[in-house]
Amino acid sequence: MSVDPSIDGIINTLMIQLSPLLQEMGFRMKKRSFNKKRKECTQELNFQLRMIKGQEAGYLALFPNILFENVGRMAAHLRNESYRRGWPTAAANIGNLQKDREYLEIPLVPTSDIQGLTHLLQEQIVNIAQPFWEDYITLEDLIMGYENGDPRLTMGGNSYVWNFIAAYCLIQQYDKAIEIMENWEKGRPSDELRGIALAKINELRGGGDHDF
């Protein structure tokens, strides 16, 4: 295979080489990512490049994510914000999804060993990303992960708590949603915002109209 020696060309070649594995898993290739739509969520693998200034060289990192759109829409509704379309429910550098977290990226230069890098990335996808995707397919899976404090879901600060609360609202477990909001300590929102969210939860519990 003739390989474009530019960094963009190398990434494109790596994506083509990885396509058979990911297509077998049900993913479709997009510009700089692979995407898989499941019944309750969307799963993605994003390729992120960090270029070295002034050089035809850089570092490539993989970022698996999961997106439960209904959770994101409900969380935005509770925060009294507009929904940010496409914003993942959970995402991380692939190395940080391991038990022993380690930010993983691979150096790229025009003479990079494409076959060797392909094998390395295949191992990362199979051993790290795939278990993450398989663990979080349904809303029930997501709620269980939050309840168990899975760091793969909670490592991005405290914003995940909104998703946890939203998920309980979606299954009409409003008392649990309120309990989480009232017991939220670290990184808790302002009293004003908490009051707005609690009012919206009580409105949902009462069967009030909502638009999110």
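Residue numbers (our numbering): 9 to 220. No residue lacks a Cβ here, since even glycine has one placed at the ideal position from N, Cα and C.
In three-state terms, what does DSSP make of residue i?
i    : result
E155 : helix
T126 : helix
P13  : coil
I179 : coil
L116 : strand
S198 : coil
M23  : helix
P72  : strand
M37  : strand
Y168 : helix
A205 : helix
G94  : coil
A99  : strand
Terminal residues of the continuous beta strand (DSSP E) containing residue i?
i   : result
M59 : 50-59
A84 : From DSSP, A84 is part of no beta strand (DSSP E) but of the alpha helix (DSSP H) over 77-87.
N43 : 41-45
Considering only C-alpha positions, which residue in the set the options is nearest to residue i?
i    : options                : result
S90  : E77, I24, N101         : E77
L57  : I151, I19, A207, T119  : I19
T146 : I122, S167, L178, E131 : L178
A185 : E155, L30, Q132        : E155
K47  : E131, Y111, D149       : D149
E32  : I188, P118, L112, K44  : K44
M82  : K194, P197, E187, V169 : V169
Excluding the 5 residues preceding and the 5 following residue i in the sequence, name in chain order all residues of the same chain whose CB lies nearer than 6 Å to its CB.
i    : result
W141 : Q51
Q25  : T126
M59  : G66
R36  : N43
Need the endpoints of the alpha helix (DSSP H) that residue i sits in, please.
i    : result
F140 : 138-143
Using a Cβ-Cβ cut-off of 8 Å (strictly less than) and excluding sequence neighbours within five positions of residue i, which residues of its own chain qualify?
i    : result
A84  : S90, Y91, R92, F220
L128 : I114
K208 : H85, L86, N88, H218
L29  : Q130, I133, V134
Please go through the same chain and pick out, in chain order, the residues whose beta-carbon is closer than 7 Å to the beta-carbon of residue i, but skip the five residues on each side of it.
i    : result
M163 : A100, N104
Q181 : none
For this session: Taking 8 Å as the threshold, find out whether the stretch 132-152 comes into contact with the stretch 101-117 through three or more Cβ pairs.
Result: yes
Exercise. Pairing CB atoms from the stretch 60-71 with CB atoms from the stretch 163-180, are three or more of them under 8 Å?
Worked result: no
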